[in-house]
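>
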Amino acid sequence: MDYSPLVLSLLVSALATSIIAVFGTLIAYVLARKRFFGRTMLDAFTTLPMILPPTVTGFYLIILLGKNGIIGNYIYKLTGWSVMFTWQAAVIAATVVAIPIMIKSAKAAIESVDLEYEKAAFTLGKSEFETFFLVTLPLAKKGLIAGLVLSFARALGEFGATIMIAGNIPGKTSTMPLAIYRAFQSGEDQLATTLVIILTVVSIAVIYITTRISRTD
Amino acid sequence: MKINRLITIFLIAALIAGASGCLSEKPNDKKPVEITFSAAISLQDALTEAGAQFTKNHPEVKINFNFGASGILEKQIEQGASVDLFASASQKEIDLLEEKGLIVRSTRTNFTSNKLVIIAPSRLTIEELKKLDKIAIGDLKTVPAGRYAQAFLENAGIYELLKPKLIFAENVRQVLDYVERKEVDAGFVYFSDSLKTNLSVSPINESLYPHVVYPIAVINDSQQPEISRQFIDYLQGKEGQTILKKYGFG
Chain A
4 MDYSPLVLSL LVSALATSII AVFGTLIAYV LARKRFFGRT MLDAFTTLPM
54 ILPPTVTGFY LIILLGKNGI IGNYIYKLTG WSVMFTWQAA VIAATVVAIP
104 IMIKSAKAAI ESVDLEYEKA AFTLGKSEFE TFFLVTLPLA KKGLIAGLVL
154 SFARALGEFG ATIMIAGNIP GKTSTMPLAI YRAFQSGEDQ LATTLVIILT
204 VVSIAVIYIT TRISRTD
Chain B
195 MKINRLITIF LIAALIAGAS GCLSEKPNDK KPVEITFSAA ISLQDALTEA
245 GAQFTKNHPE VKINFNFGAS GILEKQIEQG ASVDLFASAS QKEIDLLEEK
295 GLIVRSTRTN FTSNKLVIIA PSRLTIEELK KLDKIAIGDL KTVPAGRYAQ
345 AFLENAGIYE LLKPKLIFAE NVRQVLDYVE RKEVDAGFVY FSDSLKTNLS
395 VSPINESLYP HVVYPIAVIN DSQQPEISRQ FIDYLQGKEG QTILKKYGFG
């Protein structure tokens with residue numbers, strides 16, 4: 004039994020979730036607390052990957068990051084490296100596809116924090132930066148954790164965008180869903196079944212553990 | 195007002211009924227026949243044209259094509275997909291189906307052949323191939339072109355060296371696409387695929403990989419075995435072979 008799809012999947016999802024934790028929370032805060040031109044646009048734009056089929060998201064990522072892509076061609080010219088067909092591409096795909104879930108749930112959580120607490124912190128001389136970390140985040144904790152768990156689960160299950168920009172290379176970019184697809188298509192039903200069971204168990208475990216954590220406080 | 199609306203609806207309905215009546219009154223009285231043809235994706239353009247020509251002479255026939263990697267199509271048939279005809283890019287898939295008794299044995303025949311080539315922005319020698327970063331080949335488990343390429347690389351003694359650089363594609367047309375978009379430096383496709391691109395084509399010594407032959411057979415539980423058989427005959431006939439040749443087969 005080759006465990007590389009499981010290891011790869013966990014690694015990719017963990018990395019994607021870390022990126023999502025930082026940028027998802029930041030975008031959610033900006034959307035919840037700031038009023039600026041283009042706010043609705045930003046909101047819609049960051050929700051898009053949740054609505055679009057992942058293959059469409061993957062297509063856009065190729066246009067953006069492919070070797071001849073809008074950004075990708077500069078990266079390639081500068082470094083001689085292209086993100087296509089690498090495990091990093093799988094992380095990018097998982098991040099982009101899962102981040103809307105975090106933004107949605109973090110935004111709702113931050114919006115539900117009473118503004119009076121933040122105003123009180125401001126009057127007591129705390130900067131916005133300190134208030135964000137010491138007041139807003141702790142009060143929104145539950146929603147943030149929930150968002151992260153769901154994002155992790157979504158990243159773990161990511162398939163469409165991943166197969167488009169990372170391919171399906173055994174040991175390199177074959178995450179669990181891709182390995183299941185390959186195993187099933189090539190008639191290795193036994194392997195497919197094993198991988199399906201592992202993925203199901205891991206997903207249930209992730210959800211169970213985090214529900215317990217959020218319940219204990 | 196209400197009556198007017200009713201009359202309008204009635205008139206529109208009558209118009210639609212009349213129009214559709216006209217459309218369905220075709221000159222031939224034969225019953226319409228639909229067949230599903232699963233075929234190796236390398237055959238896509240050639241078979242689409244051959245199918246169009248065939249149905250000109252058999253207007254009652256409609257051919258639904260299902261193109262994909264031969265190994266994937268074989269699995270679909272094994273899992274009970276209702277398919278009438280199957281053409282593969284290697285013997286392995288048809289062998290598997292024959293072992294399971296899923297094809298009509300007497301209809302199995304090889305109807306065309308192909309060659310393996312390397313496509314890249316410029317012509318490549320084996321030495322140059324070794325220096326590349328990313329080389330696309332079909333998935334070894336489901337794509338015959340991938341297995342032919344693997345055989346060639348093994349016989350040339352460079353498979354282990356190139357293995358870390360291989361990018362596996364879901365079918366041979368995806369290899370073509372990867373190279374055309376320059377996401378990879380080179381790729382292994384069939385000669386027939388290479389005619390679709392402006393990329394440079396490097397031929398491969400034919401003694402270094404198995405002969406690429408396309409077998410075809412009628413599937414056992416086909417509802418239309420007769421017309422399926424006729425299409426096989428058509429492909430083997432002069433007209434069918436001319437079309438295949440035009441697309442780089444044979």
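Top to bottom, those sequences are chains A and B. When we follow the working numbering, the leftmost residue of the first sequence carries the number 4, and every step to the right adds one. When we follow the working numbering, the leftmost residue of the second sequence carries the number 195, and every step to the right adds one. Ideal Cβ placement from N, Cα and C applies to all residues, glycine included.
Applying a beta-carbon distance threshold of less than 9 Å, which residues of chain A neighbour GLY265/B?
Here residue 265/B corresponds to residue number 71 of the second sequence, with the count starting at 1. Neighbours of GLY265/B on chain A, chain order: GLN188, SER189 and GLY190.
> Along the chain, where does the alpha helix (DSSP H) containing LEU14/A start, and where does it finish?
Taking the first residue of the first sequence as 1, we reach residue 14/A at position 11. 7 to 36 is the extent of the alpha helix (DSSP H) around LEU14/A.
> Inspect the CB distances between the region 402 to 410 of chain B and the region 298 to 312 of chain B and report whether three or more fall short of 8 Å.
The region 402 to 410 of chain B vs the region 298 to 312 of chain B: in contact.
> By Cβ distance, which residues of its chain are closer than 7 Å to PRO397/B, with the 5 residues on each side in sequence left out?
Within the second sequence, residue 397/B is the residue found at index 203, counting from 1. Contacts found: VAL311.
> Classify VAL59/A as helix, strand or coil using the three-state DSSP reduction.
For the purposes of this step, residue 59/A is taken as residue 56 along the first sequence, with counting starting at 1. Correct three-state label for VAL59/A: helix.
> What is the C-beta distance between SER232/B and ILE271/B, in whole angstroms, given that I count them as a contact (C-beta under 8 Å)?
By one-based count along the second sequence, residue 232/B stands at place 38. By one-based count along the second sequence, residue 271/B stands at place 77. Confirmed, about 7 Å.
> Taking C-beta pairs closer than 8 Å, name the residues in chain A that PHE362/B reaches, listed in chain order.
Here residue 362/B corresponds to residue number 168 of the second sequence, with the count starting at 1. GLY170, ASN171, ILE172 and PRO173, listed in chain order.
> Along chain A, in chain order, which residues have C-beta atoms closer than 9 Å to that of ARG341/B?
Translated into positions along the second sequence, residue 341/B becomes position 147. Chain A residues near ARG341/B: none, gap ~12 Å exceeds 9 Å.
> Give a yes or no on whether 8 Å exceeds the smallest Cβ distance from PHE136/A to chain B.
Counting from one through the first sequence, the residue named residue 136/A turns up at place 133. It does not: the Cβ of PHE136/A has no partner Cβ on chain B nearer than 8 Å.
> Just the chain A side, please: which residues come within less than 7 Å of LYS376/B by C-beta, in chain order?
Within the second sequence, numbered from 1, the residue matching residue 376/B stands at position 182. Simply LYS70 and ASN71.
> Should PRO221/B be labelled buried (16 or more other beta-carbon atoms within 10 Å of its own) or exposed?
Along the second sequence, one-based indexing puts residue 221/B at 27. Low confidence applies to PRO221/B: its pLDDT is 49, below 50, so where it sits in the model is not reliable, and the reading given next is rough at best. By the neighbour-count rule (16 or more Cβ atoms within 10 Å), PRO221/B is not buried but exposed.
> Under 7 Å between beta-carbons, which chain A residues line up against LYS440/B? List them in chain order, please.
In the second sequence, counting from the first residue as 1, residue 440/B sits at position 246. By Cβ distance, chain A contributes nothing, its closest Cβ being about 31 Å from LYS440/B, past 7 Å.
> If you draw a straight line from the alpha carbon of SER206/A to that of VAL33/A, how long is it in whole angstroms?
Residue 206/A sits at position 203 when you count from the first residue of the first sequence. Residue 33/A sits at position 30 when you count from the first residue of the first sequence. Answer to the nearest angstrom: the Cα atoms are 31 Å apart.
> CB-CB under 6 Å to LEU11/A, same chain, minus the five flanking residues each way: which ones, in chain order?
For the purposes of this step, residue 11/A is taken as residue 8 along the first sequence, with counting starting at 1. Excluding residues within five positions, the ones whose Cβ falls inside 6 Å are THR178.
> May I ask which residues mark the beginning and end of the beta strand (DSSP E) holding LEU360/B?
Within the second sequence, residue 360/B is the residue found at index 166, counting from 1. LEU360/B -> beta strand (DSSP E) spans 360 to 363.
> According to DSSP, what are the bridge partners of LEU279/B?
Position 85 of the second sequence holds residue 279/B. Bridge partners of LEU279/B: PHE231/B and VAL412/B.
> Relative to the alpha-carbon of ALA123/A, which residue among VAL138/A, PHE132/A, ALA93/A and ALA111/A has its alpha-carbon at the smallest distance?
Here residue 123/A corresponds to residue number 120 of the first sequence, with the count starting at 1. Cα-wise, what sits closest to ALA123/A is VAL138/A.
> State the start and end residues of the unbroken alpha helix (DSSP H) segment that holds GLY434/B.
The sequence position of residue 434/B within the second sequence is 240, counting from 1. Note, GLY434/B: alpha helix (DSSP H), 432 to 440.
> Reducing DSSP to helix, strand and coil, say where ILE331/B ends up.
Position 137 of the second sequence, counted from the first residue, corresponds to residue 331/B. Strand at ILE331/B.
> Is LEU34/A close to chain B, meaning its C-beta is less than 8 Å from at least one C-beta of that chain?
The residue labelled residue 34/A in the question sits at position 31 within the first sequence. Cβ-Cβ to chain B under 8 Å: no for LEU34/A.
> MET87/A versus chain B: which residues are under 7 Å apart at the beta carbon?
Taking the first residue of the first sequence as position 1, residue 87/A is located at position 84. Under the 7 Å cutoff, chain B gives GLU377.
> State the DSSP-derived secondary structure class of VAL138/A, mapped to helix, strand or coil.
Residue mapping note: residue 138/A aligns to position 135 of the first sequence, counting from 1. Helix.
> Please report how far the alpha carbon of LEU64/A lies from the alpha carbon of VAL298/B, in whole angstroms.
In the first sequence, counting from the first residue as 1, residue 64/A sits at position 61. In the second sequence, counting from the first residue as 1, residue 298/B sits at position 104. In a straight line, the C-alpha of LEU64/A is about 46 Å away from that of VAL298/B.
> Runs of 4 residues minimum, wholly inside the region 87 to 172 of chain A: which ones carry the alpha helix (DSSP H) assignment?
Fully enclosed alpha helix (DSSP H) runs of 4 or longer: 90 to 114, 118 to 126, 131 to 134, 144 to 159 and 163 to 168.
> For chain A, find out if any of its Cβ atoms is closer than 8 Å to the Cβ of THR336/B; answer yes or no.
Position 142 of the second sequence, counted from the first residue, corresponds to residue 336/B. Closer than 8 Å to some Cβ of chain A, the Cβ of THR336/B qualifies, so yes.
> Can you pull out the residues from the region 307 to 329 of chain B whose beta carbon lies closer than 7 Å to at least one beta carbon of chain A?
Taking 7 Å as the Cβ-Cβ cut-off against chain A, the residues of the region 307 to 329 of chain B that qualify are LYS328.
> Return no unless some Cβ of chain A is closer than 8 Å to the Cβ of LYS294/B.
Start at 1 with the first residue of the second sequence, and residue 294/B comes out as number 100. No - not a single Cβ of chain A is within 8 Å of the one on LYS294/B.
> With distances taken between CB atoms, is the gap from PHE425/B to ASN308/B smaller than 8 Å?
As a working mapping, residue 425/B is identified with position 231 in the second sequence. As a working mapping, residue 308/B is identified with position 114 in the second sequence. No; because the gap between Cβ atoms is not below 8 Å, this pair is not in contact.
> Is the distance from the Cβ of MET87/A to the Cβ of GLU377/B below 8 Å?
Position 84 of the first sequence holds residue 87/A. Position 183 of the second sequence holds residue 377/B. Yes, they are a contact pair.
> Just checking my contact of ALA144/B with SER388/B at CB under 8 Å: how many whole Å lie between their CB atoms?
Look at the range of chain B in this structure, 195 to 444, and you will see that residue 144/B is not part of it.
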